[in-house]
Structures are given as structure tokens and as C-alpha cells.
Amino acid sequence: MANLTVSAVCNQRCAYCFTFDHLGRPGDGPRPLARRGFLPVHSFQDRLDFLARSGIDEVRLLGGEPTLHPQFAELVGRAVGAGRRVVVFSNGLMPDKAVACLEALAPNVCTVLVNVTRPPAGGEDAILHRQRETMVRLGPRVVPGLTIYQVDLRTEYLLPLIAETGCKPILRLGMAQPCLSGNNQYIHPHQYRAVAIQVLRLARVAAEASVSLDVDCGFVRCMFSDADLEALEETRAKMSWRCSPILDVDLEGQVIHCYPLSQLARLPLTTAADAAGLQSAFEARTRHFRQAGVFKECSACAFKSHGECPGGCLATTIRRFRHAPLHMKMRGLEVSA
Amino acid sequence: MIDGQAFTVCCSPSIAWVKDAGQTLVVANEAGSVPDRTERGGGARSWSLCGVEATIWDLLSLGYPFERIAAFLAVLLCAPQQQAEDGLWAVLQRWAERDMVRISGGNEHG
């Protein structure tokens, strides 16, 4: 798996956005690492070549908001022309020509993950109206997504939205994770249990509407009791506990582990690089940090030692580490060495 | 034998650590933000500190001076002060050999 960033520009200002360290917030102007606003089409071809030599048949377009790319239709056309499936990570606030471009693709070659998380306040009805319009037009191509960035997030609008728009009866569930700077809004591990209860409640309500949950990376096994997991299984929720290098390729041709860890390490996308090699390199670079986890108990946890749970999001884990210098003076020391 | 000299012990710049329930995990986070010198990660290192070593690291991170840490260890281990100081110095030297800490000074008088 690898995501291709094609736009550093976004038309939303989500407080939980994990691209903050790398792309900057909309309105702040691009960060030094993202001086370009959009990926040039000729560079996109390099990315397609990378996917081809990596044996990846899915082109996952990421931003910012990828559909704001002025040549979005051409990017999609090149991907589909190369026989690839297209996955678009969008907020649903797409230009009409982008919707038209995706609408023209068969649902089996195109998935649009629409993040329908409601902002805390201000303009949410107008945003939801536009998202609904996009979802109606794209119908079964759409998988709606929710990012839990605060406990007790509003979710009552989700199931009617899914029913009205004809999108896939799946709700992709993410939990907001910190970028290494911690400058975005995220769920603290101490809030995980409260989130788990919310997930369980949502899964039950969703199951009654024949909608199943599909959880993204960063969730941890110990958030849920065994009874919780049995209940989630009954709702057909797809649970997994994972954190591994996704590989995000940025606008400058640098590959990062994932956006939350963009400040940890970057590797160049050379003409010889393939996804397996890059993943191995990131795994090697992060394996020592992975001995720990998001909780101080993780390193001795049976779920972790048995490989059932990786210990949560690596960005959250690394943020637990201290870097402040130790300093000790020894004066008038008389010891035998 | 180190006699009557002033030393300073500092954490190596590449070191990051976390205190877990049963251990203190120390990672050599080489080259600042990148936890390794080599692209394939062959040079990355980490150490798990437990027991007395974890306690020493804790006290070091809290800024306690050598003599107070040694005094604490003497009580903890029911050992004479001199033996505790020798043991502490041995641990610091071992860490210095691993480049977990850097010991500077030795010729200064204070």
C-alpha cells in the first residue's frame, strides 16, 4: 500500500488533521516541505511507475484535498489507463468536474473515501449539504469515514446520510492521532476507553441499519474488553489493531512512514525504490521505538508480546519518549573505577 | 581511580528514553530526527534498563548529583557508601562506552 499526495491545498480546516507537520494548515501557506501546491502531472507518472514496480494495483490519491488538483481528471485518467484501481481520500467538497470525472468510473475501479466528520461548530450544515450532494452523485463508489477527534463526537447524522446517499453500507472509523509536534487535535490514550464505549454504541446502532464499522489504524486491543469484542463481532464490525508503514509519497518525491510520523524520517523516491524496500527501511528505523507503546504497560503486555496488538500508534508512542538532556555534576569525586 | 576531580555526565544528544511499567527503554535516535545512521537501520540501538540501572537513570534524569545518587544506592542496596559510588561509576562508564551518556571534564578542579 502507498498513498500519493497530489495536493497540499485543502478547502477544510480540520483541527485534527495529521498532515499539519508536513503540509501546514490551510491558510497558513504551505510548509517548506510542501512549497508546491500540487503535484505536476509528469511527476505523477513517476509515482505510477513506482507503484507498478512495487506490484501495487491501487492508486490512492491523498491531499490536502486531492480533487482540488487542477488536472485531477488527467491524474485519474492516467491511473485508470494504466489498469489501476483508484482510491480517493476526500472531504467530499469537490469541484464539480472532479465529481463528474469520478462519476464516469465504474464502482469496481473507483472508491472515494469521504470524511464526513462534522466540524465542532460553524457552517457544518452547509458542509454536510455539499458532502451529501457529492455522495449521492458518486453513490456506491463512496465509503464514508468518521474521524473520532473528541470523545462524545456527534454521530446521529451518519446513518441517515448513508441511507439517503446510496453509498456503501460501511463506516470507516479513524481515531485522530497526533503528528509528532502534537499541534493537531487528537485522542489521548487516557481517552481510549471512552472512545471504545462510543464505538461499541455506534456499532450497535449501525448494525440495526445494516451498516458495519471498519476501523482504521491506531486502535489498541486493550481499549475493548472481551465482552466488547464479542458484541462488536455480532455487529460485523471489522476490528484490527495495526500500525505499520503506510508509505505516503509527498509532493517533493520524499517517502514518509505516514503523515503523523513525517518528521521522523524521510526517504527519497528513487527510480529503483519499491514499496517493499521502503517499508523494510522504515520498519528498521522504527523497530526500537516499537518496543514501547502508547501506554507504559504496553512493553510488558501479553497482547503485544503475542503480536495481537502493536501497542497503538507509533506517533503517540514516540511522543512519550523524552529527549531532554540528562545532566549530572560530580564534584570532588573519589571513587575507584 | 578518580580523585578529587569534577566531572559532568550528559545524555548523548541522540538518546531518547521512555519510562515504562517494568523498564526504562533507551533508544539511540541517531542524527536527531532519524533513528538510524544507515538507510536499512543496521546501526540503530536500544537498551532496556531494569532494576538498579533504571533507578539510576531516573535519578540522573531528575538532576540529582552523583553523591546523592550514590547515597541513595547505598541505602537501597544496604552497601557502604564507597561501594555504592564505585558501582555507580561503573554503570556510568558502561553507559559511556555505549554512548548513552558522555562524561566530560576530569581535569577541572572544583
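If you're matching them up, the sequences are chains A and B in order.
Each step along the first sequence adds one to the number in this note's numbering, with nothing skipped, and position 38 is 598.
Each step along the second sequence adds one to the number in this note's numbering, with nothing skipped, and position 84 is 65.
Idealized CB from N, CA, C, for every residue including glycine.
Taking all protein chains shown into account, decide if residue i is buried (16 or more other Cβ within 10 angstroms of its Cβ) or exposed.
i                 : result
Lys657 of chain A : exposed
Arg21 of chain B  : With a pLDDT of only 38 at Arg21 of chain B, under the threshold of 50, the placement of this residue in the model should not be trusted, and no figure is reported.
Ser741 of chain A : exposed
Cys803 of chain A : buried
His750 of chain A : exposed
Asp617 of chain A : exposed
Arg18 of chain B  : Summary for Arg18 of chain B: the model assigns pLDDT 35, below 50, so the residue's position carries little reliability; its value from the coordinates is reported in the next sentence. With fewer than 16 Cβ atoms within 10 Å of its Cβ, Arg18 of chain B is classed as exposed.
Val82 of chain B  : buried
Gly734 of chain A : buried
Cys670 of chain A : buried
Cys605 of chain A : In the sequence as displayed, the identity of residue 605 of chain A is Gln instead of Cys. With fewer than 16 Cβ atoms within 10 Å of its Cβ, Gln605 of chain A is classed as exposed.
Val131 of chain B : Coverage of chain B is limited to positions -18 through 91, which leaves residue 131 of chain B absent and any answer about it impossible.
His883 of chain A : exposed
Ser27 of chain B  : buried
Gly23 of chain B  : With a pLDDT of 42 at Gly23 of chain B, under the threshold of 50, the modelled position of this residue cannot be trusted, and the question is left open.
Val72 of chain B  : buried
Ser567 of chain A : buried
Phe578 of chain A : buried
Pro805 of chain A : buried
Leu58 of chain B  : exposed
Cys906 of chain A : This structure does not reach residue 906 of chain A, given that chain A is present from 561 up to 897, and the question cannot be answered.
Measure from the alpha carbon of residue i to the alpha carbon of each residue in the options, then state which is nearest.
i                 : options                                   : result
Thr725 of chain A : A:Glu843, A:Val659 and A:Leu698           : A:Leu698
Asn563 of chain A : A:Leu838, A:Leu807 and A:Cys873           : A:Leu807
Met695 of chain A : A:Leu653, A:Pro626 and A:Asp685           : A:Leu653
Thr795 of chain A : A:Gln814, A:Leu762, A:Tyr819 and A:Cys777 : A:Leu762
Pro704 of chain A : A:Leu792, A:Val674 and A:Leu760           : A:Val674
Cys727 of chain A : A:Val755, A:Gln710, A:Val676 and A:Tyr752 : A:Val676
Val854 of chain A : A:Leu773, A:Gln737 and A:Glu812           : A:Gln737
Phe47 of chain B  : B:Leu57, B:Glu66 and B:Gly3               : B:Glu66
Arg879 of chain A : B:Val(-1), B:Ala51 and B:Ala(-13)         : B:Val(-1)
Phe598 of chain A : A:Arg678, A:Gln631, A:Phe610 and A:Phe842 : A:Gln631
Arg781 of chain A : A:Ala664, A:Glu663, A:Cys858 and A:His689 : A:Cys858
Leu731 of chain A : A:Ala660, A:Leu706 and A:Ala836           : A:Leu706
Leu635 of chain A : A:Ala612, A:Gly624, A:Leu662 and A:Asn651 : A:Leu662
Cys570 of chain A : A:Leu792, A:Leu628, A:Val765 and A:Asp581 : A:Leu628
Val755 of chain A : A:Asp685, A:Ile708 and A:Ala797           : A:Ile708
Arg692 of chain A : A:Tyr717, A:Gln710 and A:Val711           : A:Tyr717
Trp38 of chain B  : B:Ser85, B:Leu6 and B:Ala2                : B:Leu6
Leu811 of chain A : A:His582, A:Ala844 and A:Arg645           : A:His582
Glu768 of chain A : A:Ala723, A:Val809 and A:Phe779           : A:Ala723
What span of residues does the beta strand (DSSP E) with residue i cover, start to end?
i                 : result
Gly68 of chain B  : Run containing Gly68 of chain B: none in the beta strand (DSSP E); it sits in the alpha helix (DSSP H), Gln62 to Glu78.
Pro704 of chain A : Val702 to Ile708
Arg826 of chain A : Arg826 to Pro828
Arg732 of chain A : Ile730 to Met735
Phe649 of chain A : Arg645 to Ser650
Ile816 of chain A : Gln814 to Ile816
If you follow the alpha helix (DSSP H) that residue i is part of, which residue opens it and which one closes it?
i                 : result
Gly872 of chain A : Note, Gly872 of chain A: premise wrong, no alpha helix (DSSP H); not H, not E.
Glu693 of chain A : Glu684 to Leu698
Leu789 of chain A : Asp786 to Glu794
Thr725 of chain A : Leu718 to Thr725
Thr36 of chain B  : Gly32 to Ser42
Val636 of chain A : Phe632 to Gly641
Val711 of chain A : Where Val711 of chain A is concerned, there is no enclosing alpha helix (DSSP H), given that its DSSP letter is neither H nor E.
Ile50 of chain B  : Phe47 to Leu58
Cys661 of chain A : Asp656 to Glu663
Glu625 of chain A : Taken as a continuous stretch (DSSP letters only), Glu625 of chain A belongs to no alpha helix (DSSP H), as it is neither H nor E.
Glu857 of chain A : No alpha helix (DSSP H) holds Glu857 of chain A; DSSP gives it neither H nor E.
Tyr819 of chain A : No alpha helix (DSSP H) contains Tyr819 of chain A, which DSSP labels as neither H nor E.
Glu768 of chain A : Tyr752 to Glu768
Leu583 of chain A : Phe580 to Leu583
Who does residue i pair with in a DSSP beta bridge?
i                  : result
Phe881 of chain A  : Phe881 of chain A is not bridged to any residue.
Asn563 of chain A  : A:Arg620 and A:Asp808
Cys(-2) of chain B : Checking the displayed sequence, the identity of residue -2 of chain B turns out to be Trp instead of Cys. Per DSSP, A:Arg882 and B:Val7.
Arg845 of chain A  : DSSP, once it has assigned bridges, lists no residue as partnering Arg845 of chain A.
Lys798 of chain A  : A:Asp774
Asn675 of chain A  : A:Gly705
Gly86 of chain B   : B:Phe(-12)
Ser27 of chain B   : B:Val8
Phe598 of chain A  : A:Ser567
Cys782 of chain A  : Paired residue(s): none; Cys782 of chain A is not in a bridge.
Cys670 of chain A  : A:Val646
Strictly under 8 Å for the Cβ-Cβ distance: is residue i near chain D by that measure?
i                : result
Ala65 of chain B : Of the protein chains in this structure, namely A and B, none is chain D.
Short-range partners of chain B found in the region 606 to 617 of chain A, where Cβ spacing is below 7 Å: none
Members of the region 27 to 41 of chain B near chain A, C-beta cut-off 7 Å: Ser27 and Leu41
Chain B contacts from the region 849 to 860 of chain A (Cβ-Cβ distance under 9 Å): Phe849, Gln851, Ala852, Gly853, Phe855, Lys856, Glu857, Cys858, Ser859 and Ala860
Residues of the region 57 to 71 of chain B with Cβ closer than 8 Å to any Cβ of chain A, in chain order: Gln63, Glu66, Asp67, Leu69, Trp70 and Ala71
Chain-ordered residues of the region -7 to 8 of chain B with a beta carbon less than 8 Å from chain A: Pro(-6), Ile(-4), Ala(-3), Trp(-2), Val(-1), Lys0, Asp1, Ala2, Gly3, Gln4, Leu6 and Val8
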